[in-house]
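Quick note: the sequence shown uses my numbering, first residue 802, plus one each step. Each residue gets a CB set at the ideal place from its N, CA and C atoms; glycine is no exception. First up is the structure itself, then whatever we jot down about it.
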Amino acid sequence: MKKTILAIATVAATLFSSTAFADSYVGGAIGQARLNLDCEGAPTCDKSDTGFKIFGGYKFMPNMAAEVTYFDFGKAKAADTNMSLSLKSTAIGVGVAFIGDFAPQWSGVARVGIASVRMKASATLNGASGSDSESSTNAYAGFGLGYEISKGLAVTADIDLSRGKFADGSGNLRMISVGLRQSF
802 MKKTILAIAT
812 VAATLFSSTA
822 FADSYVGGAI
832 GQARLNLDCE
842 GAPTCDKSDT
852 GFKIFGGYKF
862 MPNMAAEVTY
872 FDFGKAKAAD
882 TNMSLSLKST
892 AIGVGVAFIG
902 DFAPQWSGVA
912 RVGIASVRMK
922 ASATLNGASG
932 SDSESSTNAY
942 AGFGLGYEIS
952 KGLAVTADID
962 LSRGKFADGS
972 GNLRMISVGL
982 RQSF
């Protein structure tokens, strides 16, 4: 028992030491998200919403990092006089980021990975309502710029792309966002 506790304490001390986190970063961003939804025949169609992402990464090479990201692509909505439909899109992604500095304080990033995309549909028809959801695994990609405003803190501007599937259809997901990234 004492050996197990000692082993756990040693691993925890190593993981949480400042050198282990020396190349890690976290961040968040908010912006406009869009789902390329087919609203043909619906008099009201809103394909855009506010979206956000939260991410963390670890640089395992000077210009490459492994990242985990949570995306909320917001809701797309369609309606007519007797019916309304909303489709909420979220995703959890794991991927690789290619990061490069191209001028003092300026950096660029290109991301690729795999995301588990969840689409949740909620519908109302003549007062009756229901919902359903579906998850699918899809590729995602992203591109961005960063400007370091102080040591380790950067303002970011990104575009993230993926695809969501629901029932027999699918649609492109896009988010253009601004945020902050803190490096350790």
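Practice prompt. Return helix, strand or coil for T882, following the three-state DSSP convention.
Written response: coil
Taking the CB atoms as reference points, tell me whether L974 and T957 lie closer together than 8 Å. no
Put A813 into one of helix, strand or coil per three-state DSSP.
Here A813 scores only 48 on pLDDT, less than 50, and its place in the model should not be relied on; the value that follows carries that caveat. The answer is helix: DSSP assigns A813 an H, G or I state.
Spatial distance of D839 from S932 (CA atoms):
18 Å
**Request:** Quick one: grab the DSSP three-state call for N973.
**Result:** strand
Rounded to whole angstroms, what's the CA-CA distance from S978 to F874? Just pull it up for me.
11 Å
Status (buried if at least 16 other CB within 10 Å, exposed otherwise) for N987: Any answer about residue 987 is impossible in this case: the structure gives the chain only from 802 up to 985.
For L981, collect the residues of the same chain with a Cβ closer than 8 Å to its Cβ; drop the 5 residues on either side in sequence, then sort them by chain order.
-> G828, G829, A830, L954, A955, V956, T957
Tell me the rounded alpha-carbon separation between D961 and M862. 23 Å
* Enumerate in chain order the residues of its own chain whose CB-to-CB distance from S937 is below 6 Å, with the five nearest sequence positions on each side excluded. => V918, K966
Own chain partners of M912 with C-beta closer than 6 Å, once the 5 adjacent residues on each side are dropped:
The identity of residue 912 in the sequence shown is Arg, whereas the question assumes Met. Once the five neighbours on either side are set aside, the close Cβ partners of R912 are G896, A898, G943.
Practice prompt. Could you work out which residue in N927, A892, D850, G852 is closest to T882 when comparing CA atoms only?
Written response: N927
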